[in-house]
Amino acid sequence: MRILYFVSAVTIGVLCGGCWESSSETGYLSDYSNLQEVSGIASVEGSTFRYSDTSSVFVKGKYNAFILDPVIVQFQQDSKAALSQSKGKLKSQDVNDLIAYFYSAIIDAVNDSGYKIVYRAGAGIGRIRVAITELTKTNIVFAAVPTARVTTGLGRGGAAIESEMVDSVSGKQILACMESTPGSRIPFTGLSDWGGAKHAMDEWVSQFRKDLKRMKSAETQS
176 MRILYFVSAV TIGVLCGGCW ESSSETGYLS DYSNLQEVSG IASVEGSTFR YSDTSSVFVK
236 GKYNAFILDP VIVQFQQDSK AALSQSKGKL KSQDVNDLIA YFYSAIIDAV NDSGYKIVYR
296 AGAGIGRIRV AITELTKTNI VFAAVPTARV TTGLGRGGAA IESEMVDSVS GKQILACMES
356 TPGSRIPFTG LSDWGGAKHA MDEWVSQFRK DLKRMKSAET QS
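The numbering of the sequence shown is this note's numbering, which starts it at 176 and goes up by one.
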């Protein structure tokens with residue numbers, strides 16, 4: 176019986192270790208009321224809530240340039256990252272490196288989509304705001320085990336992000352997102368301390384590129 180109990184306890188530990196908590200509001204977004212869950216299993220593969228004002232963005236093609244605010248860190252209350260930061264376990268250099276990584280990827284997405292980055296508000300200009308609200312370090316020892324990673328997602332790490340695009344003049348919310356994303360289940364990828372967090376950022380940027388592409392398409396059709 177002791178052996179059976181030990182195996183069960185390990186199994187439970189592995190399964191729980193692969194779980195990923197859903198996002199919670201931090202107060203960063205100007206409005207949360209329009210967000211709707213569109214994908215994800217909140218307790219296992221994170222969660223994603225989105226909003227888009229299709230009448231002003233994807234139909235009229237209203238915006239042609241963007242102000243990109245600095246990416247900031249605003250951790251969820253009582254989050255693991257906030258606790259680690261308070262105990263000095265989350266290094267400022269690691270956080271700054273992740274911010275730089277994310278910010279650079281967003282700039283590339285805007286430029287590659289044919290839009291300009293500007294620094295003054297005005298007609299036809301949107302403002303992009305992004306905050307990292309949770310960070311979980313990748314456990315490389317567990318994440319390097321292919322079977323466990325694929326079946327349970329153990330040790331992948333990840334990140335939570337809140338973002339929005341608002342009109343630079345009126346402040347009206349155009350796009351918004353609140354998501355919690357774990358690292359990839361693909362074996363032998365992201366095997367670094369923050370590989371899972373970077374994967375979450377890459378996923379966000381991938382969706383952002385799709386949004387920009389749709390906006391550009393609407394612009395050419397208007």
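Glycine included, C-beta positions come from ideal geometry on N, C-alpha and C.
Would you check if there are 3 or more beta carbon pairs closer than 8 angstroms linking the stretch 348-358 to the stretch 372-385?
yes
Classify D244: buried if its beta carbon has 16 or more other beta carbons within 10 angstroms, exposed otherwise.
exposed
Which parts of the stretch 221-291 are runs of the alpha helix (DSSP H), unbroken and 4 residues or longer, counting only runs that do not cross its ends?
255-261, 267-287
Touch check for the stretch 331-338 and the stretch 298-314: three-plus C-beta pairs under 8 angstroms?
yes
Does A256 pass the burial test, meaning 16 or more other C-beta atoms within 10 Å, or should it be called exposed?
buried
Given Q382, which residues of its chain have a CB within under 8 angstroms of its CB, disregarding the five upstream and five downstream residues?
C352
Burial state of S208 (16 or more Cβ within 10 Å)
exposed
For G299 and K237, believed in contact at Cβ under 8 angstroms, the rounded distance
6 angstroms
Assuming contact is defined by CB atoms lying nearer than 8 angstroms, are W379 and I336 in contact in what I supplied?
yes
Going by CA-CA distance only, name the one from D228, L350, V248 that's closest to V270.
V248
If you reduce the DSSP assignment to three classes, tell me which class A298 lands in.
coil
Just reading off the beta strand (DSSP E) that E337 is part of, what are its end residues?
333-342
Just tell me which of I349, S199, I303, R389 has its CA closest to the CA of Y226.
I349
Buried or exposed (CB count within 10 angstroms, at least 16 for buried), T223
buried
Residue of D253, I242, D228, A240 minimising C-alpha distance to S199:
D253
So if DSSP puts E200 in a beta bridge, which residue, or which two residues, is it bridged to?
Per DSSP, none; premise fails for E200.
Kindly list the residues whose CB is nearer than 8 angstroms to the CB of A240, restricted to its own chain and excluding five residues on each side of it in sequence; keep chain order.
Y290, K291, I292, V293, G299, I300, G301
How long is the line joining the alpha carbons of F317 and M340, rounded to whole angstroms?
Note that F317 scores a pLDDT of 45, beneath 50, so its modelled location is shaky; the value from the coordinates is reported in the next line. Cα-Cα distance, rounded: 37 angstroms.
Within the same chain, show all residues whose beta-carbon is closer than 6 angstroms to that of I274, passing over the 5 residues directly before and after it, in chain order.
V246
8 angstroms CB neighbourhood of D272 in its chain, flanking five on each side removed:
W369
Between which two residues does the beta strand (DSSP E) harbouring S355 extend?
348-357
Cα-Cα separation between K347 and L204, rounded to whole angstroms:
12 angstroms
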